[in-house]
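Engineer: Below you will find the structure I want to go over with you.
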Amino acid sequence: MLRTHTCGELRLSDKGKTVTLTGWVGKVRDKGALLWIDLRDRYGITQLLFEDKNKETIEIARSFGREYVILAEGEVIERVSKNDKIATGEVEIRVSSVKLLNAAKLPPFLIEDETDGGEELRMKYRYLDLRRNPVRQSLELRHKMAQEVRKYLDSQNFLEVETPVLIKSTPEGARDFVVPSRMNPGEFYALPQSPQTFKQLLMVSGFDRYFQIVKCFRDEDLRADRQPEFTQIDCEMSFVTQEDILQTFEGLIRHLFKFVKDIELPALPRMTFADAAKYYGSDKPDTRFEMKFAELKSPSESEDLVSGKGFNVFDSVPMVIAITAKGAGEYTRKQIDELTEWVKRPQIGAKGLIYVKCEQDGTFKSSVDKFYGQEDLAKWAAKAGATKGDLILVLSGEVNTARKQMNELRLEMGTRLGLRDKNTYSCLWVVDFPMVEYGEEEKRWFAMHHPFTEPNPEDEHFLDTDPGQIRANAYDMVINGGEVGGGSIRIFNKDLQAKIFTLLGFSDEEAKKQFGFLMEAFEFGAPPHGGLAFGFDRLCSLFGGAEIIRDFIAFPKNTSGRDVMIDSPSTINPAQLDELKISVKV
Ligand code: ASP
Numbered sequence: 100m101l102r103t104h105t106c107g108e109l110r111l112s113d114k115g116k117t118v119t120l121t122g123w124v125g126k127v128r129d130k131g132a133l134l135w136i137d138l139r140d141r142y143g144i145t146q147l148l149f150e151d152k153n154k155e156t157i158e159i160a161r162s163f164g165r166e167y168v169i170l171a172e173g174e175v176i177e178r179v180s181k182n183d184k185i186a187t188g189e190v191e192i193r194v195s196s197v198k199l200l201n202a203a204k205l206p207p208f209l210i211e212d213e214t215d216g217g218e219e220l221r222m223k224y225r226y227l228d229l230r231r232n233p234v235r236q237s238l239e240l241r242h243k244m245a246q247e248v249r250k251y252l253d254s255q256n257f258l259e260v261e262t263p264v265l266i267k268s269t270p271e272g273a274r275d276f277v278v279p280s281r282m283n284p285g286e287f288y289a290l291p292q293s294p295q296t297f298k299q300l301l302m303v304s305g306f307d308r309y310f311q312i313v314k315c316f317r318d319e320d321l322r323a324d325r326q327p328e329f330t331q332i333d334c335e336m337s338f339v340t341q342e343d344i345l346q347t348f349e350g351l352i353r354h355l356f357k358f359v360k361d362i363e364l365p366a367l368p369r370m371t372f373a374d375a376a377k378y379y380g381s382d383k384p385d386t387r388f389e390m391k392f393a394e395l396k397s398p399s400e401s402e403d404l405v406s407g408k409g410f411n412v413f414d415s416v417p418m419v420i421a422i423t424a425k426g427a428g429e430y431t432r433k434q435i436d437e438l439t440e441w442v443k444r445p446q447i448g449a450k451g452l453i454y455v456k457c458e459q460d461g462t463f464k465s466s467v468d469k470f471y472g473q474e475d476l477a478k479w480a481a482k483a484g485a486t487k488g489d490l491i492l493v494l495s496g497e498v499n500t501a502r503k504q505m506n507e508l509r510l511e512m513g514t515r516l517g518l519r520d521k522n523t524y525s526c527l528w529v530v531d532f533p534m535v536e537y538g539e540e541e542k543r544w545f546a547m548h549h550p551f552t553e554p555n556p557e558d559e560h561f562l563d564t565d566p567g568q569i570r571a572n573a574y575d576m577v578i579n580g581g582e583v584g585g586g587s588i589r590i591f592n593k594d595l596q597a598k599i600f601t602l603l604g605f606s607d608e609e610a611k612k613q614f615g616f617l618m619e620a621f622e623f624g625a626p627p628h629g630g631l632a633f634g635f636d637r638l639c640s641l642f643g644g645a646e647i648i649r650d651f652i653a654f655p656k657n658t659s660g661r662d663v664m665i666d667s668p669s670t671i672n673p674a675q676l677d678e679l680k681i682s683v684k685v
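Here it is in structure tokens:
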């Protein structure tokens, strides 16, 4: 190596040593007789001291600009004014000789923890952005997580197997990215949305336990935290029940929390999809805080605490939901008005917001006092678990709409009341998802997970009568209100699989064309199997206490799916198109 030590390595115990360091020039302070340079590399920052008595060296140092790459040799000495913010802060190097390895143009933004560079600029010069501590640390965290994933899964006998990237559509329900085949004009590969069918085939092959940290591709309209290419921890196991899978991967997540964050996670609670909908209005409830829904009126509740009092808004809808914001009884009129405006925004779409304040003297004050007496409101409070000093918020409407809107309001109140700390983690399994949901527009059933998901045998009899009632042996892992992983027990019987394809509207011919290979494989001794996949980028950002996943990906795409650094996607030249026998109309 050109250096003897890294910039993060030297301590007071190294005092007196002659060392050589290499790195990038950060901050420079020139006091005339003395000049200091912060020398930076991946491992840290070490302060270099240049003295006037070594004229030639200080003059060379004076010619350095930010981000110049240099090599400096000198003696480790104790610093007069120590810096306890960095690990090397007790020492500096009295430089005896220095060499420029490479000059640098002035970077377009500051390479500091707090940079002045905007998102677009940072992405264009991502290699410079990656020099910044927070971004590099995010990738270090990712590396550590990948190592721990491998360690745990290897210890559980999982084999890491690579599956192909040039494949044929996988039925995950999103659009495929396609790649034209030059050797087969007019034909296309698809990039995998997941290795789903391959990992099932590996089970037929007897691999028993498979995993892969793998790139997947989905051509979806991008939302803020979506990337067209993303990474999954993809897993599959044979001869297992759902319980075995939940235990194994609960083990993985607990291992990660323990070895990456030093957090002992309690056993993961399980919640049915139906309960998640009823109490949180979401299949990925944020359980860092309670604030559960209380249904004051609902098709599934025998008790109706709101109808028949002359308040038409509640009389005319099937669902009235309350939540209790603990300690928010002090909210002012202005705050409540503002909250009302918030729920009425088109993104939420509520018609209005009813409130009940639980006063300190035990009385209630509400926006519907005209219709509901103290006794009525006391019943609401009892049902919603509200006591003195609390604020009850009520929304109403159609069942699913009211639930969705209340989910948004609950999360918003959680945020406003400071109940969603990024460094607190609440993990759970959501189980018993419906197998299919009905697409009103398309007038057909869609698989809620994917078409290979096994129906709960107890519900199979609904197949011909009421498919919407069928629960699937499918599960999601949810952390802090985000789905981090999901999977299912698979169908491994050819006849049942054929039946499900029919339910999902595949003709025999289509099913055969798309999945014939899998159906055939099932005739050669397929073991019972199941698995799941975790979204690795999201998991990393969660562990990093960040909301956006971009910083945990070395070279991400922007929200329009572009890589602005390499300027992709881009057109290709006509000769390439000819070779592919493709004509482009834009
Ligand atoms: N392939 C599924 C997904 O990507 C996961 C699974 O069922 O294992 O969501």
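First residue of the sequence shown: 100, per my numbering; consecutive thereafter. Glycine is no exception: its CB is placed at the ideal position from the N, C-alpha and C atoms.
(1) Between which two residues does the alpha helix (DSSP H) harbouring residue 628 extend?
(2) Assign residue 447 to one of three DSSP states: helix, strand, or coil.
(3) DSSP on residue 696, reduced to helix/strand/coil?
(4) Short check: CB of residue 192 to CB of residue 147, under 8 angstroms?
(5) The ligand ASP heavy atoms versus the CB of residue 465: any closer than 7 angstroms?
(6) Quick check: the Cα distance between residue 516 and residue 558, rounded to an integer number of angstroms?
(7) In angstroms, rounded to a whole number, what distance separates the CA positions of residue 593 and residue 601?
(8) Which residue spans inside the stretch 416 to 482 form an unbroken beta strand (DSSP E) run of at least 3?
(9) Evaluate residue 110 with the Cβ neighbour count: other Cβ atoms within 10 Å of its Cβ, from every protein chain shown; 16 or more gives buried, anything less gives exposed.
(10) Can you confirm whether the stretch 222 to 234 touches the stretch 256 to 270 when touching is taken to mean that 3 or more C-beta pairs between the two stretches lie within less than 8 angstroms?
(11) On the CB-based measure, 16 or more other CB atoms within 10 Å of its CB, does residue 431 come out buried or exposed?
(12) Nearest to residue 187 by alpha carbon, out of 104, 379, 603, 548?
(13) For residue 393 versus residue 267, is the C-beta distance shorter than 8 angstroms?
(14) Check whether the Cβ of residue 587 sits closer than 7 angstroms to any heavy atom of the ligand ASP, and report yes or no.
(15) With a threshold of 16 other CB atoms inside 10 Å of the CB of residue 574, please say whether the residue is buried or exposed.
(16) Taking all protein chains shown into account, do 16 or more other C-beta atoms lie within 10 angstroms of the C-beta of residue 501, making it buried, or fewer, making it exposed?
(17) Taking 7 angstroms as the cut-off, is the C-beta of residue 549 nearer than that to any heavy atom in the ligand ASP?
(18) Is it the case that the Cβ atoms of residue 124 and residue 164 are separated by a distance below 8 angstroms?
(19) Kindly examine the ligand ASP and report whether one of its heavy atoms sits closer than 7 angstroms to the Cβ of residue 373.
(20) Within a Cβ cutoff of 7 angstroms, which residues of the same chain sit near residue 346, ignoring the five residues on either side of it in sequence?
(21) Should residue 341 be listed as close to the ligand ASP, given that the test is whether its C-beta is under 7 angstroms from any heavy atom?
(22) For residue 379, tell me which candidate among 301, 294, 353, 498 has the shortest Cα-Cα distance.
(23) Could you check whether the Cβ of residue 632 sits closer than 7 angstroms to any heavy atom belonging to the ligand ASP?
(24) The alpha helix (DSSP H) with residue 352 in it runs from where to where?
(25) Is residue 302 helix, strand or coil when you go by DSSP?
(26) Does the beta-carbon of residue 45 have 16 or more other beta-carbons within 10 angstroms, so that it is buried, or is it exposed?
(27) When the Cα atoms are used, what is the spatial distance from residue 337 to residue 303?
(28) Where does residue 585 sit, in a helix, a strand or coil, going by DSSP?
(29) Let me check understanding here. Comparing Cα to Cα, which of 149, 132, 534 lies closest to residue 565?
(30) Please state whether DSSP places residue 266 in a helix, a strand or coil.
(31) Check the DSSP bridge columns for residue 201 and list the partner residues they point to.
(32) State yes or no: is the beta carbon of residue 395 nearer than 8 angstroms to at least one beta carbon in chain D?
(33) Within 10 angstroms of the Cβ of residue 654, are there 16 or more other Cβ atoms? Answer buried if so, exposed if not.
(34) Whose C-beta lies closer than 6 angstroms to the C-beta of residue 276 among residues of the same chain, with five residues either side of it excluded?
(35) My assumption, with CB atoms under 8 angstroms, is that residue 572 sits in contact with residue 341. Please give the rounded CB distance.
(36) Could you check if residue 634 is buried or exposed, using at least 16 other CB atoms within 10 Å of its CB as the buried criterion?
Structural biologist: To lay it out plainly:
(1) Counting along the chain, residue 628 falls outside any alpha helix (DSSP H), though it belongs to the beta strand (DSSP E) covering 628 to 634.
(2) The DSSP-derived three-state label of residue 447 is coil.
(3) Absent from the structure is residue 696, since the part of the chain shown begins at 100 and ends at 685.
(4) In this structure, residue 192 sits near residue 147, with a CB-CB distance shorter than 8 angstroms.
(5) No, Cβ of residue 465 sits at least 7 angstroms from all heavy atoms of the ligand ASP.
(6) Each residue's alpha carbon lies about 41 angstroms from the other.
(7) Using only the alpha carbons, I get a separation of about 12 angstroms.
(8) DSSP runs (the beta strand (DSSP E)) wholly in the stretch 416 to 482: 418 to 424, 453 to 457, 463 to 465.
(9) Note on residue 110: under 16 other CB atoms within 10 angstroms of its CB, so exposed under the neighbour-count rule.
(10) Contact fails: fewer than three Cβ-Cβ distances are below 8 angstroms.
(11) Taking all protein chains in view, the Cβ of residue 431 is surrounded by fewer than 16 other Cβ atoms within 10 Å, so the residue is classified as exposed.
(12) The alpha carbon of residue 187 has as its nearest neighbour, out of 104, 379, 603, 548, the alpha carbon of 104.
(13) Against a cut-off of 8 angstroms, the Cβ pair of residue 267 and residue 393 comes out as no contact.
(14) Checking the Cβ of residue 587 against the ligand ASP gives yes.
(15) Under a 10 Å Cβ-count criterion, residue 574 is classified as buried, with 16 or more other Cβ atoms of the shown protein chains found around its own Cβ.
(16) Counting Cβ neighbours within 10 Å, residue 501 comes out buried, since at least 16 surround it.
(17) Flag set: Cβ of residue 549 near the ligand ASP.
(18) If you check the CB distance, residue 124 and residue 164 come in under 8 angstroms.
(19) No - the ligand ASP has no heavy atom lying nearer than 7 angstroms to the Cβ of residue 373.
(20) Apart from the 5 residues on each side of it in sequence, residue 346 has no Cβ closer than 7 angstroms to any other Cβ in its chain.
(21) Outside the cutoff, so no.
(22) For the set 301, 294, 353, 498, the Cα lying nearest the Cα of residue 379 is the one of 498.
(23) Residue 632: yes, Cβ under 7 angstroms from the ligand ASP.
(24) Segment 341 to 360, the alpha helix (DSSP H) holding residue 352.
(25) Residue 302 carries a helical assignment under DSSP once its states are collapsed to helix, strand and coil.
(26) In the structure as shown, the chain begins at 100 and stops at 685. Residue 45 is therefore absent and cannot be evaluated.
(27) Looking at the two C-alpha atoms, the distance is approximately 9 angstroms.
(28) For residue 585, the three-state secondary structure derived from DSSP is strand.
(29) Nearest of 149, 132, 534 to residue 565, Cα basis: 534.
(30) Of the three classes helix, strand and coil, the one that applies to residue 266 here is strand, per DSSP.
(31) Residue pairing of residue 201 in beta bridges, as defined by DSSP: 168.
(32) Of the chains in the structure shown, none is chain D; there is only one protein chain.
(33) Around the Cβ of residue 654, a 10 Å sphere holds fewer than 16 other Cβ atoms; the residue is exposed.
(34) Closer than 6 angstroms at the Cβ level, and outside the excluded window around residue 276, lie 290, 316, 318.
(35) Residue 341 and residue 572 do touch by the CB rule: their CB atoms are close to 5 angstroms apart, below 8 angstroms.
(36) The C-beta of residue 634 has 16 or more other C-beta atoms within 10 Å across all chains shown, which makes the residue buried.
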